[in-house]
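Below is one structure, written out as structure tokens; comments come after it.
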Amino acid sequence: MECSVDEHDDEQYTRTPFYGVARMTYWQRRQDQIIGPKRVRRLMRTMGLEAIYPKSRLSLGGSEAVKYPYLLKSLKVARPNQVWCADITYIRMRGGFMFLMAVMDWFSRYVLAWRTSLWLDAAFCIAALEEALDRGRPEIFNTDQGTQFTSVAWTDRLGDAEVLISMDGRGRCFDNIFIERLWRSVKYEDVYLKDYADRRGGDHGLGHYCEFYNTERPQQALGYRTPREVHEGTASRQWLRSIKEKSL
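Per our numbering: the sequence shown ends with 255, consecutive numbering throughout.
Right, dumping it as structure tokens:
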């Protein structure tokens, strides 16, 4: 099936998140797409894509926004529920696109909650936050400075739960690197393979993938355990056997 320009943008951005408008335009033209930088810039803004490198004033919060300092620098994250993080990404569909938001435990990479929306507002983020808080409470919650996460509704809810708020510096997407890796996995291992037709199909498929990611997909950074095993402090017999063999 032939991909549209926005699909090309999304896949190439996932492969090379450091590409800005100029490089993305050049790459599109090499794919025989007739496109100019103005359209590429518009498409990237629509999809919420921006190159990953330090730069000033990437996006502005609303007039009510309060910015918080980044609290994770030099912090040793050593246990589940010490730090949570959240982010939003673009999910392509045959009939358009939607946004996916997830809340993740930093230590275990466990996806605590997720929601999709056709609109980039705070409501679906708050819904995911409420579900996550039903599972536990972190000491620190880290996000970027997007308007959804600087909104009064978001910050007040974390304040009510007595959670410290941490926010990435502008343009420093790697401050939230673990959830950026989740997006790459979601897109390459599910979205690009399944080619969802609409939001209903996307929600159904993403639900299965998140369950797989949490409970079946071993991660090298976790000693080939699953996020659920690390988050809940359990381990499979096979993993325990492999650790024992390495110690001999």
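Don't be surprised by glycine CBs; every beta carbon is placed ideally from N, CA and C.
In this text the structure is predicted, and so the values were computed from the model without any measurement.
Apart from the 5 residues on each side of it in sequence, Arg164 sits with its Cβ closer than 7 Å to the Cβ of Ile133 and Leu136 in its chain, given in chain order. Around the C-beta of Phe219, fewer than 16 other C-beta atoms lie within 10 Å, and the residue is accordingly described as exposed. The Cβ atoms of Val90 and Trp113 sit closer than 7 Å to each other. Counted as a single uninterrupted DSSP element, the alpha helix (DSSP H) harbouring Asn221 occupies residues Arg206 to Thr222. In terms of Cα proximity to Pro76, the closest of Trp121, Gly176, Met105 and Phe131 is Gly176. Under the three-state reduction of DSSP output, Trp190 falls in the helix class. Lys80 counts as exposed, since fewer than 16 other C-beta atoms from the protein chains shown sit within 10 angstroms of its C-beta.
Setting aside the 5 residues that flank it on each side, Glu146 is surrounded in the same chain by Gln89, each with a C-beta closer than 6 Å to its C-beta; the list follows chain order. When the five nearest sequence neighbours on each side are left out, the beta carbons in the same chain lying within less than 6 Å of the beta carbon of Ala160 are those of Ala129 and Ile133, in order along the chain. The continuous stretches of alpha helix (DSSP H) do not include Phe148, which lies in the beta strand (DSSP E) extending over residues Ile147 to Thr150.
Excluding its 5 nearest sequence neighbours in each direction, Phe106 has C-beta neighbours in its own chain below 8 Å: Gly55, Ile95, Thr96, Tyr97, Ile98, Thr123, Ser124, Leu125, Trp126, Leu127 and Phe131, listed in chain order. Looking at the DSSP output, Asp112 sits in a beta bridge with Trp91. Contact between Met111 and Ile186 holds, with the beta-carbon distance rounding to 5 Å and staying under 8 Å.
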